[in-house]
Structure formats: C-alpha cells, structure tokens
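Residue numbers (my numbering): 156 to 544. For every residue, glycine included, the Cβ atom is placed at its ideal position computed from N, Cα and C.
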Amino acid sequence: MRTQVLVIGGGPSGLLLSQLLATQGIDSIVLERRTKDYVLGRIRAGVLEQGFVDLMDQAGVSARLHAEAIEHSGTLIAVEDDYFRVDFQHHTGTPVLVYGQTEVTRDLYDAREAAGGAMIFNTENVTIHDAETDTPYVTFTTDGQDQRIDADFVAGCDGFHGVSRQTIPLSVRREYEKIYPFGWLGILSETPPVHHELIYASSHRGFALCSMRNEALSRYYIQCSLSDHPEDWTDAAFWAELKRRIPKEFSDRLVTGPSIEKSIAPLRSFVTEPMQWGRLFLCGDAAHIVPPTGAKGLNTAASDVHYLFQGLKGYYQDGSEAGIDTYSQNALARVWKAERFSWWFSTLLHRFPDQSEFDLKMQRAEIDFLRTNEAAQNAMAENYVGLPY
Ligand code: RFL
Ligand code: PHB
C-alpha cells in the first residue's frame, strides 16, 4: 500500500490533519491502535481556542460545533470564599468555546468516514522505517496480518505513549519534563453546571475546577493525591470535597448527582525537541504534554497540525520545502509559550506538599495582583484564549 501522508494515531491531532489534507486533495491513511468507540469514550478536553475553531472551519467539520458549542467570554478565579472574573472579551475581543474533545473527535470521524478516508483500527506493532530518508515506510499488524505502507511523510500523532517519538534516536532527541506531585480527579455528571462560566478555585484543601459540557452535563475536577484511585472516591466523598473547595455562594447551589465517568489524570509538563526527524513529524501529545490547568493540550495539538498542514500544502502545491523544514521551529515556539502558561497557572492555583508559609504568601500575592491589575489580567486572558499562530 502507498499513501502521501501516513498518519499514526486516530485522536484529534491525526484526524484533523487527515481531514485538512483531504481538503487539498492530499491523501492520507490513519492508523489507530484502538477502536473508534474506545477513542470516543475518553473524556478529555472541554475548552477550544478560536484558532482551533478556525481549523475546524477550514476542515469543513464545524457545523455542529457552531450549533452546539457554548461561548465563554470570561472565567472566574476563586480563592477560598472570594472570587473575581477575568473578562476575555474585554481584554482580547475573543471568547473561548466549550465543546468536548469527544464531540470534536466524533465530528472528525464522521467527516473522514463520509469522505471515504482510509482508517485502519486495532493496529499493533506499528514500526516506522527509514524516516530519515525520502522513502519512509511503516509496518504493522492488524487482524493477524502483517502490513506495510509506503509514504512521502509520516505524521506521528500517536499521543504521549505512542511509538513515533521513540523512533527519533536519543542522540537527536532532547526531552524536558516536570512532574507535579498531585493529580486531578475528574467526574462527569448529568447535572446543570454550578455556574455559566468555569470556576478555577484555589483553596487550602487544594485546587478545584468547575467546568461543563452543556447545560445539562457538568465536568468537575479536584486536585488529589497521586496514590489515590478513582474507586477510592465515592460520589458523595467527591461532592463533599468539591463543596469545601469552592466559594460558599456556589457550593450552596451546587446540584449533585451520580457520576457517569470518574478518572484520575496525573499532571505533567513535557516537551521533546526537535519535533521533526527527516520525514517524520510529531504532532500534539506525541511531542508535548501540559498540565490541564488552562486547557492548552488539545489547543496546542491543533497549532502543530496547522503548521504541519501549511508545510505539507506548500510541498505538494508549490514544491516548496520551506514549511516542512521550519515545522519544528515554528511549532516549538508556540508550544513553549503554552507550556509556560500552563505551568504558571498550575503553580498559581494548586497546593504543593512541600509548600512553605512563604510560598503560600507568594501564591496569594500573585493571585491578588491578578485580581487588581489590568495588565496582569490582560496577559492571562491573551494566553487563555490562545496566542496567535
Ligand atoms: P491523543 O488524544 O492521545 O491521541 C493519540 C491517538 O494515538 C493512538 N495511538 C496509536 N495509534 C497507532 N499506533 C500506535 N502505536 C499508537 N499509540 C497511540 C491512541 O490510541 C490515540 O487514539 O493525542 P492527540 O491527538 O495529540 O490529542 C491531544 C489531546 O488529547 C490532549 O492534549 C488533551 O486531551 C489535553 N487536555 C485538554 N486539552 C485542552 O486543550 N483543553 C482542555 O480542556 C483539556 N482538558 C486534557 C484535559 C487532558 C486530560 N487528560 C485525561 C489527559 C483534561 C484531562 C483530564
Ligand atoms: C474540562 O472541561 O475538561 C476542562 C476545562 C478547563 C481546563 C481543563 C479541563 O483547564
């Protein structure tokens, strides 16, 4: 088999790239280790930057997003019983959209299927060969059959645990990492959101986030210990802990109900450099991870897809290698800024086990500065709605 761009990973990065390439008549095949239902069962991101929405428009897959997404023009930041609002619209003229990653991925799968796009599921032993030459190929097994696909380019969109990053030799690859000493316990519940905007809450018991998917579906998170397991937390214990961490005004009106999903995510900052090796390009979580505070993961994956798509378009349409040659440099420049913002926002709002009284005072002073300083709110808002591509 042969294709122009072989995409490894059928998550949002891989599907969006494949769909964008199709709009330009560039063919691709997507390999996914899991099934479509498994991918759609993962509850992850909820907040989309305008840049992401623009890419969905370009890919011709944004009709449902525009009909169903909820526009948020600001967010609340709470400290114990007190809170203030950062107005994105006022500071940047741009809102963010609340629309689940599950829905984005479903829209992309529907579009690829409607266009007859090639996708192969349940792939095992995916191995990338000759990436440093002009004739890369990938071997894998599916349904017990060994397969080989030759391609012009390989896009490694296979997430943090994929094979693409590992294919780049250690002599070339440099990794930067920070592990945070806590996780997020998240639940999804069929209850109305406690507030019409998100609430990022810092409390002496730890961080909490009130988010949503729609008017009848809420997503809540609490900072938890890395040794906790979701099954250790009954729904009642979760709700009680969440209530202790958000201002009384909101805990008094919080509607609770059974959780329909409960999971723990560790928090990590991670970047690999470079994001390109020969004809292999890394996109999204395959190349970088951010802690979820600030909602930058999926959005940063999308900016990678933008740079790679532009590079490949230039190659196929104008015979120019300029875009693909500068892919890593362009993508990383934006990635590091998203890393900085996510690290800053996480550090600002969480309780750290080794935090001294001095550290706590610094955290409070910084939150107070954000509360009272227009320039600080402006910087926060610009980062939250997404820096330009
Ligand atoms: P994904 O989604 O991990 O998809 C990679 C796909 O590759 C497949 N795969 C392979 N396929 C073939 N061969 C192999 N060898 C393979 N190895 C892996 C996997 O099965 C998978 O289907 O990466 P992608 O596409 O780069 O997308 C990245 C996003 O999923 C991620 O950044 C976000 O979910 C992060 N994130 C958030 N991002 C935001 O922008 N806004 C948010 O509000 C937000 N909230 C979150 C989040 C992530 C969370 N968790 C659980 C990590 C909230 C949470 C709780
Ligand atoms: C979510 O709704 O899942 C969500 C929202 C904002 C974040 C992280 C996660 O910063």
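For Val194, the distance from the CB to the nearest heavy atom of ligand 1 is below 8 Å. Closest in alpha carbon position to His245, among Ala536, Gly541 and Pro429, is Ala536. One Cα belongs to Met430, the other to Thr411, and the distance between them is close to 43 Å. For Trp432, the secondary structure class from DSSP, reduced to helix, strand or coil, is strand.
Contact annotation: the segment 372-382 touches the segment 343-361, with at least three C-beta pairs closer than 8 Å. If you compare the alpha carbons of Ser414, Gly452 and Arg434 with that of Arg423, the shortest gap goes to Gly452. Short of 7 Å from the beta carbon of Asp313, and not among the five residues preceding or following it, lie these beta carbons of its own chain, in chain order: Ile163, Gly164, Ser319 and Ala441.
Contact between Ile198 and Thr290 is ruled out by a C-beta separation of about 40 Å, above the 8 Å threshold. Assigned with DSSP and collapsed to three states, Met517 falls in helix. Taking all protein chains in view, the Cβ of His443 is crowded by 16 or more other Cβ atoms within 10 Å, so the residue is classified as buried.
Within the segment 267-322, the runs of alpha helix (DSSP H) that reach at least 4 residues and sit entirely inside it are, in chain order, 319-322. Between Ser168 and Gly272, the C-beta spacing is not below 9 Å. Closest option to Leu503, judged by alpha-carbon separation, among Phe243, Leu515, Asp192 and Lys492: Leu515. Taking the Cα positions, Leu231 is about 10 Å away from Leu364.
Nearest to Pro446 by C-alpha distance, out of Tyr470, Val490 and Gln484, is Val490.
Within 10 angstroms of the beta-carbon of Asp459 lie 16 or more other beta-carbons, which makes it buried.
With distances taken between CA atoms, Leu170 lies nearest to Arg267 out of Asp509, Ile334 and Arg267. Put simply, the backbone Cα of Gly541 is about 9 Å away from that of Val251.
The residue from Ala450, Arg519, Tyr544 and Ala310 with its alpha-carbon nearest to that of Thr282 is Ala310. Val426 has its CB no nearer than 8 Å to any heavy atom of ligand 1. Counting only runs of 3 or more residues that sit fully inside the segment 410-482, the beta strand (DSSP E) segments are 414-428 and 435-437, in chain order.
Taking a C-beta distance under 9 Å as the contact criterion, Ile304 and Met156 qualify as a contact pair.
Note on geometry: alpha-carbon atoms of His359 and Arg400 lie some 8 Å from one another. Its Cα nearest to that of Pro413, the residue Thr389 stands out among Lys403, Leu397, Phe425 and Thr389. Leaving aside the five residues that flank Leu381 on each side, the residues in its chain whose CB is nearer than 8 Å to its CB run, in chain order, Pro336, Phe337, Gly338 and Pro421. For Trp394, the enclosing alpha helix (DSSP H) starts and ends at Asp390 to Arg400.
Those residues placing their Cβ nearer than 5 Å to any heavy atom of ligand 2 are, following chain order, Gly201, Val202, Ser366, Arg374, Pro447 and Ala450.
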